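Going by numbering that gives the first Met the number 0, the letters in the sequence shown line up with residues 0 to 168, in that order.
Each residue gets a CB set at the ideal place from its N, CA and C atoms; glycine is no exception.
These numbers come from a predicted model, not from an experiment.
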Amino acid sequence: MTLAEAIARRLSTDAYRQFEQGASLKGLLKPFKGKGELQQLADTALRLETQVAELMSVLLAIVAQPPFSLLDLRLVVQRSAAGTNFLRWRSRDFNRMGALVWERAMAQPQLAQAVREALLQLEVNRITLNLQMSSLHSLHRHATASAIKLQAAETLFDHSPTPTVEQQP
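What follows is the structure in structure tokens.
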């Protein structure tokens with residue numbers, strides 16, 4: 000098994016199997032009957048965010064070991080202003096950040112083909128995990144905000160005057 004295959008296996012379908020119960024989009028595309036269902040969706044998104052963060056930790060542990068730890072790149076967690084964690088490439092001296100650091104590592108002529116393939120697999124996983132984290136965080140934020148708006152609408156309705164018989168059309 001190549002290094003790239005070993006990395007792919009660590010973050011394969013089996014690693015995502017635990018998500019299957021809560022990750023169905025059919026719960027998203029339906030008419031919501033109340034605040035409770037929206038809050039349940041928000042809770043599911045938050046739980047899945049935690050699970051994606053665990054997969055990010057697996058990727059961080061892989062990159063912290065040789066042969067990757069011998070290269071001029073590090074994989075680090077960067078917390079966004081919105082409170083979401085993302086995986087970012089950094090140079091060993093922390094002077095450079097972003098995909099350009101990964102591109103420079105890939106451009107090294109002395110890099111073994113197996114390591115090059117493994118770096119590609121790491122980048123694919125990094126991009127995928129960042130996408131999943133971003134999507135889940137956004138879903139959680141919007142579902143929570145919508146639950147609050149729905150509660151406000153229901154409260155307004157409950158406190159609105161009831162028309163008398165004469166006022167009804």
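For the candidate residues the options, whose alpha-carbon lies nearest to that of residue i?
{"i": "Ser134", "options": "Leu45, Pro30, Ser68 and Glu122", "result": "Leu45"}
{"i": "Arg8", "options": "Leu99, Ala117 and Phe85", "result": "Ala117"}
{"i": "Leu99", "options": "Ala81, Trp88 and Asn129", "result": "Trp88"}
{"i": "Gln38", "options": "His141, Ser159, Ser11 and Ala63", "result": "His141"}
How should residue i be labelled, buried or exposed, when 16 other C-beta atoms within 10 angstroms of its C-beta is the threshold for buried?
{"i": "Met55", "result": "buried"}
{"i": "Arg91", "result": "exposed"}
{"i": "His139", "result": "buried"}
{"i": "Val76", "result": "exposed"}
{"i": "Gln131", "result": "buried"}
{"i": "Leu47", "result": "buried"}
In this structure, does DSSP put residue i in helix, strand or coil?
{"i": "Phe31", "result": "coil"}
{"i": "Arg73", "result": "strand"}
{"i": "Arg95", "result": "coil"}
{"i": "Leu86", "result": "strand"}
To the nearest angstrom, how far is it from the Cα of residue i to the Cα of residue j?
{"i": "Lys29", "j": "Glu36", "result": "10 Å"}
{"i": "Leu171", "j": "Ala3", "result": "The shown model of the chain, from 0 to 168, leaves out residue 171, and the question about it has no answer."}
{"i": "Glu102", "j": "Ala113", "result": "16 Å"}
{"i": "Leu110", "j": "Ser137", "result": "38 Å"}
{"i": "Lys34", "j": "Leu69", "result": "51 Å"}
{"i": "Ala104", "j": "Asp42", "result": "39 Å"}
Leaving out five residues before and five after residue i in sequence, what residues of the same chain have Cβ atoms less than 6 Å from its Cβ?
{"i": "Leu59", "result": "Leu74"}
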